[in-house]
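Heads up, the thing below is written out as structure tokens.
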Amino acid sequence: KQEVTQIPAALSVPEGENLVLNCSFTDSAIYNLQWFRQDPGKGLTSLLLIQSSQREQTSGRLNASLDKSSGRSTLYIAASQPGDSATYLCAVQGAQKLVFGQGTRLTINP
Amino acid sequence: NAGVTQTPKFQVLKTGQSMTLQCAQDMNHEYMSWYRQDPGMGLRLIHYSVGAGITDQGEVPNGYNVSRSTTEDFPLRLLSAAPSQTSVYFCASSYSDRMVAFFGQGTRLTVV
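In the order they appear, the protein sequences are chains H and Z.
Take the first sequence: its position 83, counted from the start at 1, is 884 in our numbering, and no numbers get skipped.
Take the second sequence: its position 14, counted from the start at 1, is 781 in our numbering, and no numbers get skipped.
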């Protein structure tokens, strides 16, 4: 059974810092890995999708990497801003379903 | 550009009542799914559909029914609500199970 773990569960940093969120998964037989953002009381917004054949994807200040053989992904956020405060979820795509980690709650302090 | 629309946003039910959570998407996506989100449990798949007329069970299907008569709509039915079904429910859609998933805003359900 696929299990996804995100560390840390919560992170608080001052504005302007670069930071890394971690995601690990137990079964390397995945189609892709997706990073989502969830604001309080809201739905999930897709940030980046990395196909299993890719090593990384970039969108603006976000960069996600994937090491399928070791079962790890990282989300790098450059020059963090208060508007980046949210919960970040990673999810691995297997046959017919996404398996989610429990998220990292990120707070950026002005 | 509506995306994935869920109704209602909030609902309180009494134990034993039934109800239907609505989900509609306007992106012509074949793949649709329902998740529930609980503290400490993350999001878990309830049911999914790969196209009109085709549905299947996910990880936690007990107490829920689904049907998919059109590409656009994928309602989730609670047959006899129980307090254990208190949760936030999310509907998602994508072109396939290997593409970016789009989520609705969620339905917060409380069963008393």
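Ideal Cβ placement from N, Cα and C applies to all residues, glycine included.
Quiz item: Taking Cβ-Cβ distances shorter than 9 Å, what residues in chain Z pair up with Gly861 (chain H)?
Solution: Going along chain Z, no residue has its Cβ under 9 Å from Gly861 (chain H), so there is no contact; the nearest lies around 16 Å.
Quiz item: Near Ala830 (chain H), what residues of its chain come up, given a Cβ to Cβ distance below 8 Å and the 5 sequence neighbours on each side ignored?
Solution: Gly895
Quiz item: Is it right to say Gly818 (chain Z) is buried, meaning 16 or more other beta carbons lie within 10 angstroms of its own, or is it exposed?
Solution: exposed
Exercise. Please check the pair Ser870 (chain H) and Cys824 (chain H), which I expect to be a contact at CB under 8 Å, by giving their CB distance rounded to whole angstroms.
Key: Incorrect: roughly 15 Å between the Cβ atoms, too far for contact.
Quiz prompt | Coil, strand or helix - Pro828 (chain Z) by DSSP | solution = coil
Practice problem: Take Ile808 (chain H) and list the residues in its own chain whose beta-carbon comes closer than 7 Å to its own, dropping the five residues that flank it on each side. | Solution: Asn823
Quiz item: Which residues of chain H have a Cβ atom closer than 9 Å to the Cβ of Gly825 (chain Z), listed in chain order?
Solution: Gln897 and Lys898
Quiz item: Got a sec: which bits of the region 840 to 853 of chain H sit with their beta carbon under 7 Å from any beta carbon on chain Z, in order along the chain?
Solution: Lys843, Gly844, Leu845, Ser847 and Leu850
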